Structure formats: C-alpha cells, structure tokens
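Below you'll find the structure, written out as structure tokens, and then a few comments.
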Amino acid sequence: MLWLLLLLAAAPPTKVIHMTAERFTFIPSQVKVKAGTVVEFRIHSEDTNHGFRIPAAGINEVIPKRGKGELKVVFHADRPGRYEFECSKPCGAGHNMMRGVLIVEE
Amino acid sequence: MLTMVNMRWSLGYCIILASILTGEAGAAGDDRERRIEELERRVQQLEQQIQQLLGTKPGTKPEDKPGGKSEAYPTEAERTPEMRLPVSGYMDFHFNKPRGEPGQLDFHRFVLLFGHSFSDRIKFWSELEVEHAFVEGREEKGELELEQAYLDFLVKPYFNLRGGMLLAPVGLINERHEPPSFHGVERPFVDTVILPSTWFDTGVGVFGDLGRGLVYKAYLMSPLDATGFSAAEGLREGRQKGFQSSWQNPAQTGRLEYHGIPRLALGASFWRGSTGFRFRGVNPRVKVFEIDGRYRLGRFDFRGEYAQVAISKAGELNLALQRETGVSPNVAERLRGFYFEPAVRVLPRRFNRDLALFARYENFDTQNRMPRGFLPLKQFDRSAWVVGATYYPEPDVAVKFDYTFLRNASSVVKAVNSLNFGIGWWF
Ligand SMILES: [Cu+2]
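Line by line, the protein sequences are chains A and B.
For the first sequence, the working numbering begins at 1137 and goes up steadily by one.
For the second sequence, the working numbering begins at 16 and goes up steadily by one.
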C-alpha cells in the first residue's frame, strides 16, 4: 500500500505543448516549464517537413508535412536550464532562423 | 511507456526516501550536502543501470512508436560534429498564354539549395538558381543567379549575426518564394514591380527571436542602382545582385514579424538607402515601406500586402539619365501597390490531397506620383484579378492554374489578359 502511494506521489507532472511549425518559425518558440515536468511536444506543420532537434537531449525528429499528422516528442525536463531547439530539415531561406528555446526553471 | 517512466522516477524517489529514512542523509551542514550529492550520483547510476537493463541510454529515445513519438532526457550538451545538410530545391514550370498571342512553355526556375552546419553555432545556407533553363553570356535567354549564400553565427536566440549574399527581408514573397507556398502561377505583381522580388544582394546584419512571437532582422545591404529604375518596373532593374555591388553607402533594411496569436502572422519591413553612386550630383534616396498579414480560419486562408516606394530627386534622375541615354525613363516619385487574397481549401480533411480555390485582387501603380514636370504613363497604373486553383497531390507539389484579368488606366494601351498553368515543387 505504502509502495503504491509512493509510486503515485512520485509520478512527475506531464505538460502537453501544442506547437505549429511553419516556414520559418516554431509557434510558440519559447516554452517554460518547472523542473521535473515531463514535457510532451505535439508538433504539426502548416507546410513542408521540418525537423525538431534538441541537441542537448539527443532528439532529432521529422515533423510530418501539412495534413500528414503530428510529431510527438517526450522530453524529461529533469534539470533546470535552457534547451535550445531548432529545425533540422532544410525548409527554405529562413531555415537557420527556425529556432526556439525550452526553459526549465527550478 | 509512461508507466515505465513513472516506475523509473518512482524508483529513484524511493531510493532517496529509503536512504533518508535509514539515516544516510541525517548529518547536518556541508556534510549533508555532500551526502545528498553522493545520493544523487547513486540514483543516477541506478537509473542508468535500469535503463541499460531496459536497453536504452540516457539522452536517446527508448522507443519509436507509430506516429513518430520519441522520448529523451537532457544530457551534458554534446558537440555536434560538422554536418552537410541534404540538398533541397524547388522547381517552377510554367505555361503562359496571353490573349491573342501564342502560348509559351517556360522552365521558369530550377533552384538548388545547399546548407552546411559547421557546428551548432556556425551555419551556411545558399540558393543557386537557373532561370528560364538556359544561360548565356547575356541575360536575354536566362540567368544563373546566386540568390543566397551566407554564414550565420548563432549567439543567442535574440541576437545572431549573418553575412554574405542575403535576401532583402522585405515583403511576403521575397523570403518565402517556394512555389507551393503561394497561389497563382506567377508571383503577385506587387511583389514583382513594387517590391522587386527576388531581391538579393551582399550584406551583413543581425537577426533573432525576441520572445512573445516577435522575430526581427536588420541588415546593411548593397544599395540599389538608380540607373536601372524604370516607369514600368520601378526599382526592379536597379538590383545589383551582388555584381561588384557598390558599398559606398550601404542601405539599411529590416523586418519585424509577429507570430504571437495562433493562425495569424503579421509583418512589416522597410528599406532605405542612396542609389546615385553612378552619378555625379544626383543621389536619389529610396525608401520602401511594406506591411503584410496572413490569417487562417478553418479551411480559409487570407493574405494581404501593402507596399509603397518613395524615390527622392526622381526628376533630376530622369534628366540625368536622359542626358546619358537620350531617353527619360520617366521614373516616378512614388510607387504604390497592394493586394488581398482569400483562398479556400475545398477537399475534406480526410483526403490525402488538397485543392485550394483563390481570388487575388491587386492594385499596383508604378507611376503613382510624378516629379514636377513629368506626366504619369497611365498604362502603368494597373489592377488585376487573378482567379484560379492550386491542387496539391502532395503538400510539396502544387499544380497551379489561373486566369489573370489585367486592367490599366490608359485609354490607348490595352492590358492583356492571360491564361496560366504551372507546376511547382519543393523537396
Ligand atoms: Cu524548418
């Protein structure tokens, strides 16, 4: 019984972030969460394939094209810090600008 | 997966709790901190062992689920090795049939884009374009253009540096000109004769994301060359295109975009600079101002743009050019244009393809206000209805059709309507 309570109490909170990828922005491009949160990104594109890469977490995934579904990425925001993310699939003139940051607060 | 994650967390917590309960972290002060650190390290070790048992490592995704779901944990920031990005490109193939004239097939654009990531902080991007599929020494047949070739130094999200061959950050189309990203076979007239897309030249500048949906760019770029200005196409032939561009007086340009409200994108841009470096005594200044917006509402897409160009000393410029060439180009003091375009996607969402119907009203006048002593050429006070459809067999492939009703204010020169068909794709 105690085990069960402990298990329940220790389950980290989950936060779902809905994100739109579009030449050449992630909307929103800044996301803030508390340390210990499990962040679930759900990203859909309004045009072509984009990439979603968080170098500090070894994440690098493809966001499907418009109408082809969404990308789900779970990020365990254990440690406070700034985790920059970027588009990793060339998508046009502003590709290098297509970036954002996940801020994990204490 | 979630239960596995919970278990891992829970195990970690339980170990800490158990340790605390058994008094391992019972000492005070520094000693306590040291012990907590030690415990953290041990929890991490245990976590790693559990993950190894489950066949994963921290920082990697334990499992790919259908729908592209992946999981990851922050790790010590790794240095990413130098990386060549895959080649991208787009193509634009047109059939234009002006009324009363024979139709023309044109492989309008063949563009290859190359990128290279030297590191997470230094990135290269380039765009090489063959226009009209054929390149000769002279421009009449086709053009080979290096439209972009720049290096980005990424410093902070809100402050980054850029240098090389840049696209002027002006207007809706100049930086977003991949064929599937706009309706109509040809680019809007306003983005051709008021804003001279594709507008590119050498430059340096800064750019970044200020948060709350605000994105900016500010560059110094090679100036326009006033000897190329004309009555029909405004600034268009004044682009130096990086050809030993004069850098005596670099132009200032910038753009601010707002993406803070879902489905809405707003933009404003400007350009200002001297353009008379080839003359003695006449130095017209050009000021460009532009605003644009895009909005999505269910199956509807709306976009609009307003652009205005002011050219100072246009009269003196006309006289100076007349002395040189014998003909006055009749350059105006002010050029103005705008358009509005509603579009609707008509196929149900469950279809794999999409069909959009659109209608664009454009009004564009390259002789909007004339300098003293010059009369406007009324045939360049124009408006157009571009009505058509874009079929997307795939989101990156656009099969386009439109009919363009062109009007002008002249009672002598007749505007010619045209039927246009095009295929454009991006990869
Ligand atoms: Cu992208």
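Note that the Cβ used here is the ideal one computed from N, Cα and C, for glycine as well.
All figures in this text were calculated on a predicted structure; none of them were measured in a lab.
- Chain B has no Cβ within less than 9 Å of the Cβ of VAL1152 of chain A.
- As the crow flies, the alpha-carbon of GLY186 of chain B is around 17 Å from that of LEU235 of chain B.
- Shown here for ALA1193 of chain A: same chain residues with a beta carbon closer than 8 Å to its own, the five before and five after excluded, namely PHE1211, TYR1219 in chain order.
- From the beta-carbon of SER212 of chain B, no residue of chain A is found nearer than 8 Å; the closest lies around 11 Å away.
- The set of residues with any CB-heavy atom separation to ligand 1 below 7 Å comprises, in chain order, A:ALA1157, A:ARG1159, A:PHE1160, A:HIS1186, A:GLY1187, A:CYS1223, A:LYS1225, A:CYS1227, A:HIS1231, A:MET1234.
- In this structure LEU421 of chain B is in contact with ALA430 of chain B, their Cβ atoms being roughly 4 Å apart against a cut-off of 8 Å.
- Counting only Cβ-Cβ distances below 7 Å, TYR88 of chain B has contacts in chain A at ALA1193, HIS1212, ASP1214, in chain order.
- Using a Cβ-Cβ cut-off of 9 Å, PHE373 of chain B does not count as an interface residue toward chain A, since no Cβ of chain A sits closer than that to its own.
- Neighbours of LYS1168 of chain A in chain B, taken as residues at a C-beta separation under 8 Å, are lacking, since the least C-beta distance is about 10 Å.
- When C-beta atoms of the segment 1144 to 1162 of chain A are compared with those of the segment 1172 to 1179 of chain A, three or more pairs fall below 8 Å, so the two segments count as touching.
- ALA1157 of chain A has a beta carbon lying at 9 Å or more from every beta carbon in chain B.
- Interface residue (Cβ-Cβ distance to chain B less than 9 Å): THR1161 of chain A is classified as such.
- DSSP places THR207 of chain B in the helix class (H, G or I) of the three-state scheme.
- Beta bridge pairing from DSSP links PRO113 of chain B with B:SER433.
- Ranked by Cα distance from LEU279 of chain B, the first of B:ASP307, B:PHE292, B:ARG300 is B:ASP307.
- Counting only Cβ-Cβ distances below 7 Å, THR1184 of chain A has contacts in chain B at PRO410, ASP411, TRP441, in chain order.
- DSSP lists B:PHE317 as the bridge partner or partners of PRO357 of chain B.
- For HIS1231 of chain A, the neighbours in chain B by C-beta distance under 8 Å run, in chain order, GLY130, TRP140.
- Against chain B, a Cβ distance below 9 Å from GLU1220 of chain A picks out ASP135, LEU169, PRO172.
- Annotated as distal: GLY269 of chain B and SER289 of chain B, with beta-carbon spacing of 9 Å or more.
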